[in-house]
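From first to last, the protein sequence lines are chains A and B. Just so you know, we're using the numbering used here here: the first sequence kicks off at 2 and counts up by one. Just so you know, we're using the numbering used here here: the second sequence kicks off at 145 and counts up by one. C-beta atoms are modelled at their ideal positions from N, C-alpha and C, and glycine is treated no differently. To start, the structure itself, in structure tokens.
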Amino acid sequence: MSDAPLIEVRDIVKTFGSVIALNGVSMSVRSGEVLCLLGDNGAGKSTLIKTLSGVYRPTSGEFLVDGKPVAFRSPRDALDAGIATVYQDLAMIPLMSVTRNFFMGREPVRGIWPFRRLDFARAQDVTREEMMRIGIDVRDPHQAVGTLSGGERQCVAIARAVYFGAQVLILDEPTSALGVAQTSVVLKYIHIVRSRGLGVIFITHNVRHAHVVGDRFTVLNRGRTLGTYDKSEIAIEELQNLMAGGKELAELSGALGGTV
Amino acid sequence: MSTTATVIARDERLRRASFLVRAMRRPELGALAGLALVILFFGIYADKSMFTLGGVMTVLAPAAELGILAVAAALLMIGGEFDLSIGSMVALAGLILGVSLAVLHLPFVVALLLTAVCAAALGAVNGTIVIHTRLPSFIVTLAFLFIYRGLSLVGLKWATGGSTQLRGIGDAAGGGFLPGLFSGLAFHPLFTWMAAHDMIQKFPSGEPTVQGVPVSILWFVGFALLATWVLLATRAGNWIFAAGGDANAARNSGVPVAPVKTALFMLTAVSAALVATLQVMNTGSTDALRGEQKEFEAVIAAVIGGCLLTGGYGSAIGAFLGAIIFGMVSIGLTYTHFDSDWFKVFLGGMLLLAVLFNSFIRRKVTGER
Chain A
2 MSDAPLIEVR DIVKTFGSVI ALNGVSMSVR SGEVLCLLGD NGAGKSTLIK
52 TLSGVYRPTS GEFLVDGKPV AFRSPRDALD AGIATVYQDL AMIPLMSVTR
102 NFFMGREPVR GIWPFRRLDF ARAQDVTREE MMRIGIDVRD PHQAVGTLSG
152 GERQCVAIAR AVYFGAQVLI LDEPTSALGV AQTSVVLKYI HIVRSRGLGV
202 IFITHNVRHA HVVGDRFTVL NRGRTLGTYD KSEIAIEELQ NLMAGGKELA
252 ELSGALGGTV
Chain B
145 MSTTATVIAR DERLRRASFL VRAMRRPELG ALAGLALVIL FFGIYADKSM
195 FTLGGVMTVL APAAELGILA VAAALLMIGG EFDLSIGSMV ALAGLILGVS
245 LAVLHLPFVV ALLLTAVCAA ALGAVNGTIV IHTRLPSFIV TLAFLFIYRG
295 LSLVGLKWAT GGSTQLRGIG DAAGGGFLPG LFSGLAFHPL FTWMAAHDMI
345 QKFPSGEPTV QGVPVSILWF VGFALLATWV LLATRAGNWI FAAGGDANAA
395 RNSGVPVAPV KTALFMLTAV SAALVATLQV MNTGSTDALR GEQKEFEAVI
445 AAVIGGCLLT GGYGSAIGAF LGAIIFGMVS IGLTYTHFDS DWFKVFLGGM
495 LLLAVLFNSF IRRKVTGER
């Protein structure tokens, strides 16, 4: 494997009319690494991931995949380059079964037209196997996705992206709507995905979640990169302060007698 | 499927899904229960002749024509859309077929193809408008309900010189294999043979009392089976469920939502043309009022069959059963001493019950609270 990062952006600028959403952001993620993208609301996290996943095109700046410059025109291009994004709203259909969701849009078929039909036996096996591999027993692949917990649904979405050949996973606030137990399920899974050699970009505004699985942290504020830190370099409190952009939170935290 | 289930150790947290729970997951359960109820009712109150072979055919014949529409409507509803124009489309397609045969004197096969192509094209127009304007299909197809009905009236008056009925189409179509697919009875030799061997009732002359199966019933059964197979076992079926379940999520996952929905609109229009062809070929005439209110009856049958009004859930077999319930109640009351106008009350009640039942099932399936 080459030494170049899986994804690297340098001085990315993205403007919408007179609004400057990104004003010179740089970051990179390597194979087997979890990069946490931290920032408060309005810091430019969403714009950045939409740029990485091919929804937006950067106004200026460099975008390298495997060391080569790219210009995605659609999310499809990004997917073909191995960059998969798991959005908060999941792209899962609650009324459909786990298997049907897992293979939605990429169903395995067998037989010759007009008798071509879904290869359910294979789909069922793959779904069970992939879910087992991440430690979630989808008890019954026929069951509707709506019956899974929020954490399990996130894991199905991630497993699907991994199975279909993602090299880089972009996770948009995967834990923000989850309870404690479910969050740990997702964090554990992020850890597994990393150990399989994928690059993970984990977007969150929860520093604690970031610190559990992150290898490096890139902090965004008002459309700029404030800096990138290795896990060994920085403590949770410092990250929190950087992210909130200053003292106010520290003072508030002091007043409340703990970390916010 | 079952082999893997036994290979992989069972999760102890999973209660083995009881037969009842598994049955509850099937969308057509409500329709099945409804059918059992209706059969029970008529078993008690109706004349015994309703449950003879002849009686069953009498009940199934109207169910078949409605059923073809209902199965198509069910697929479209699962895909997340409505089509209120199918009733009027029956009249319009009948007009096109009738004029092609009796006025333009085209060969039957040409007239048939022309009718199907026109219907498909109009269905595609419906679909394209709905998809590109993002208006609710309910309102777009309501507009076409009136447009098609008006066109049928105007067109028939033009073709006949002032009448809203066009006769003599059967003669113009002629006989042969192809017209035979859409008219008359099937399996006549089989029924004669069964009568000869005393397996079914016969007249003193030896002719069976029931001469065969109306072809419309065969189309109905065949179409329902095909639709079920497509829905449950093919990629297209998965796309229909996905498009209706959450169009955005489906699109993000690479499902071609717009083509799927357009194809479904075309399918409902063509199924209306099929019903029109069956009616025209069996009566030899067409009428501008054909198919009136069939759009509602088809939706009712689909809902009784377990389709959710919000899309993404339902079954073709359910719509099949829904149409049979419809046929049984509409015809069956004449076999009882009840006033047959109770039919509409019964139907409305059935619909209300089905909707309540469906929303309960939906919560069960999705785990929503």
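Assigned with DSSP and collapsed to three states, A/Ile21 falls in strand. By the Cβ-count criterion, A/Gln155 is buried, with 16 or more other Cβ atoms from all chains shown falling within 10 Å of its own Cβ. Taking all protein chains in view, the Cβ of B/Ile283 is surrounded by fewer than 16 other Cβ atoms within 10 Å, so the residue is classified as exposed. Counting along the chain, no beta strand (DSSP E) covers A/Leu96, and no H or E run does either.
Across the set A/Thr52, A/Gly43, A/Ser75, the C-alpha of A/Thr52 shows the shortest separation from the C-alpha of A/Phe64. Identification of residues in the region 377 to 410 of chain B having a C-beta nearer than 7 angstroms to some C-beta of chain A yields Ala377, Thr378, Arg379, Asn382, Phe385, Ala386, Gly389, Asp390, Ala393, Ala394, Asn396, Ser397, Gly398, Val399, given in sequence order. With the rule of 3 Cβ pairs closer than 8 angstroms, the region 446 to 460 of chain B does not count as touching the region 186 to 193 of chain B.
For B/Gly449, none of the residues of chain A pass the 9 angstroms Cβ criterion, the least Cβ distance being about 16 angstroms. Nearest Cα to B/Gly294 within the set B/Ala207, B/Arg434, B/Ala394, B/Gly462: B/Arg434. With its beta carbon at least 8 angstroms from every one in chain A, B/Val274 lies outside the interface.
Between A/Val157 and A/Met244, the CB-CB gap reaches or exceeds 8 angstroms. In the DSSP assignment, A/Leu172 forms a beta bridge with A/Val87, A/Phe203. Along the region 41 to 66 of chain A, the alpha helix (DSSP H) occurs as fully enclosed runs of 4 or more residues at 46 to 53, listed in sequence order. The criterion of a C-beta distance shorter than 8 angstroms is not satisfied by A/Asp120 and A/Arg134. In this structure, DSSP gives B/Met343 a state outside helix and strand, which the three-state scheme calls coil. Contact between A/Phe165 and A/Arg101 does not hold, since the beta-carbon distance rounds to 15 angstroms and is not under 8 angstroms. Per the coordinates, the alpha-carbon of A/Pro76 lies some 6 angstroms from the alpha-carbon of A/Ser54.
Contiguous alpha helix (DSSP H) elements confined to the region 160 to 248 of chain B occur at 163 to 168, 173 to 189, 197 to 222, 230 to 242, taking only those with 4 or more residues. For A/Phe103, the CB contacts under 6 angstroms within the same chain, skipping 5 residues up- and downstream, are Thr128, Arg161 in chain order. Against chain B, the CB of A/Ile204 has no partner CB under 8 angstroms away; the residue lies outside that interface. Non-local beta-carbon contacts of B/Leu453 in its own chain, meaning distances under 8 angstroms to residues more than five positions away in sequence, involve Met221, Val447, Val499 in chain order. When DSSP reads this structure, A/Tyr230 sits in a beta bridge with A/Phe218.
Here B/Arg311 has Gly428, Ser429 as same chain residues with Cβ atoms under 7 angstroms from its own Cβ, once five neighbours each way along the sequence are excluded.
Partner residues in the beta bridge of A/Val26, as assigned by DSSP, are A/Ile13. Chain B has no Cβ within less than 8 angstroms of the Cβ of A/Val99. For the pair B/Ala377 and B/Glu351, the Cα-to-Cα distance works out to about 43 angstroms. For the pair B/Leu329 and B/Pro348, the CB atoms are not nearer than the 8 angstroms cut-off. Within the same chain, Leu221, Asn222 come within 6 angstroms of A/Ala44 by CB-CB distance, once the 5 residues on both sides are set aside.
Look at A/Gly147: its C-beta is under 8 angstroms from a C-beta on chain B. For A/Glu108, no alpha helix (DSSP H) segment is defined, and its DSSP state is neither H nor E. For A/Ile94, the closest Cβ of chain B is nearer than 8 angstroms. Counting C-beta atoms within 10 angstroms of its own C-beta, A/Glu130 has fewer than 16 neighbours from the protein chains shown and is therefore classed as exposed.
Per DSSP, A/Val35 is one residue of the beta strand (DSSP E) stretching across 34 to 39.
Proximity of chain A to B/Gly314 at the Cβ level (cut-off 8 angstroms) is not reached, the minimal Cβ distance being about 32 angstroms.
Interface annotation, B/Gly462: not in contact with chain A, CB-CB separation never under 8 angstroms. In the displayed model, A/Asp81 falls within a helix according to three-state DSSP.
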